[in-house]
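Each position in the sequence shown, counted from 1, maps to that position plus 1 in my numbering.
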Amino acid sequence: MKTTNSGTFPREQQTLPNHFYFTDFERHNAEIAAFHLDRLLGFRRAMPVTGRNLNITSELYALVEGELLKTFFVSPSNNLCFHGKCSYYCDTAHAICGNPDMLEGSFAAFLPDKEVVPRKVWRHPWRRSYHKRRKAQWELGEFHLRVMTPAHVKEYLSVLPVFQPVSEPDYCMAVREIEPYDRGRRLLDLMDMAILDFLMGNMDRHHYETFKVFGNDTFPIHLDHGRGFGKPFHDEISILAPVLQCCLIRRTTLATLLR
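1) Is it true that the CB of Ala109 sits closer than 7 Å to the CB of His226?
2) So, under 8 Å CB-CB, Arg177 and Leu188 are touching, yes? Tell me the CB distance rounded to an integer number of Å.
3) Would you kindly work out how many angstroms separate the C-alpha atoms of Ala63 and Val50, rounded to a whole number?
4) To which residues does DSSP link Ile222 through a beta bridge?
5) Run through DSSP, which three-state label would Gly231 get?
6) Taking the alpha carbon of Glu140 as the point to measure from, which residue in Tyr172, Phe199, Arg46, Cys98 has its own alpha carbon closest?
7) What residue does the beta strand (DSSP E) around Val118 start on, and which one ends it?
8) Rounded to a whole number of angstroms, what is the C-alpha to C-alpha distance between Thr93 and Gln246?
9) Alpha carbon to alpha carbon, what distance is there between Arg228 and Leu146?
10) Rounded to whole angstroms, what's the CA-CA distance from Leu258 to Leu224? Just pull it up for me.
11) Within 6 Å: the Cβ of Phe74 and any heavy atom of the ligand FAD?
12) Using DSSP with H/G/I as helix, E/B as strand and the rest coil, what is Glu140?
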């Protein structure tokens, strides 16, 4: 379940001008819109998502127990709130509150449990730095004497970039030489993902997942689009960096866009 905390900001709230992409709000309606956009583009790699009104009292509070139950509280405005247990933003300052106990949210279809159908998590070659001052390797578009090699890219995909600037085309060429981007469909799938993210304005694509059972010959699952659609009147061209730097697009995707 993903929710927009109506007690903090409305569902129409756009990204604040001084917010970085990694501090933007999560929008439950972005998940819903992303699912339908994924279908319209013909990808069909996003989990089905729908909107729903939830009664926190009868559908959550009455059923939970243990440590999760301890995160429920009544706010000074007499609204029922909770913040759950997670690594980030699960605290009183970022609580999810009802009105007074009714909450609008999005619900996604469950993927099979990872113990049943294991998934592999991949660091996205064009992930951003998630840092206030540092840029990612692919954003450093100046030529340098040192040539980017596949070994450098492999290191970059496992740690934060510490390299000196390298030309953008060189970066794509190096990506093309490492698995799983050296053959098959994966690089084209990342082009599709970049186009989906561009149309959503989603800059928060740091990792992606695939089903392990199919090895490298499978598609990325389109997940986690809560930070999309935050700037509806702005086109963030840098999201298209994979397409622009590699000069690559799937023919069927291009045909869909031209229709």
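The C-beta atom is built at its ideal place from N, Cα and C for all residues, glycine as well.
Note that the structure is predicted; figures quoted are calculated from it, not measured.
Well, looking at it:
1) Position 225 of the sequence shown, counting from 1, holds the residue named residue 226. Position 108 of the sequence shown, counting from 1, holds the residue named residue 109. Taking 7 Å as the Cβ cut-off, His226 and Ala109 do not qualify as a contacting pair.
2) Taking the first residue of the sequence shown as position 1, residue 177 is located at position 176. Taking the first residue of the sequence shown as position 1, residue 188 is located at position 187. With a Cβ gap of about 7 Å, Arg177 and Leu188 count as contacting.
3) As a first step, residue 63 is located in the sequence shown; it is residue number 62 there, counting from the start. As a first step, residue 50 is located in the sequence shown; it is residue number 49 there, counting from the start. Those two C-alpha atoms are separated by around 25 Å.
4) Locating residue 222 in the sequence shown gives position 221, where the first residue counts as 1. DSSP lists Glu210 as the beta-bridge partner residues of Ile222.
5) Residue mapping note: residue 231 aligns to position 230 of the sequence shown, counting from 1. In this structure, DSSP gives Gly231 a state outside helix and strand, which the three-state scheme calls coil.
6) Translated into the one-based positions of the sequence shown, residue 140 becomes position 139. The option with the nearest alpha carbon to Glu140 is Tyr172.
7) Position 117 of the sequence shown, counted from the first residue, corresponds to residue 118. From DSSP, Val118 is part of no beta strand (DSSP E); its letter is neither H nor E.
8) Locating residue 93 in the sequence shown gives position 92, where the first residue counts as 1. Locating residue 246 in the sequence shown gives position 245, where the first residue counts as 1. Thr93 and Gln246: Cα-Cα distance of roughly 43 Å.
9) Working through the sequence shown from its first residue, we reach residue 146 at position 145. Working through the sequence shown from its first residue, we reach residue 228 at position 227. Caution applies to Leu146, whose pLDDT of 30 falls short of 50 and renders its modelled position unreliable; the model cannot decide the point.
10) One-based indexing of the sequence shown puts residue 258 at position 257. One-based indexing of the sequence shown puts residue 224 at position 223. The alpha-carbon atoms of Leu258 and Leu224 are separated by roughly 22 Å.
11) As presented, the structure is devoid of all ligands, the ligand FAD included, so that no description of it is given.
12) Residue numbering aside, residue 140 sits at position 139 when the sequence shown is read from its first letter. Three-state DSSP puts Glu140 in a helix.
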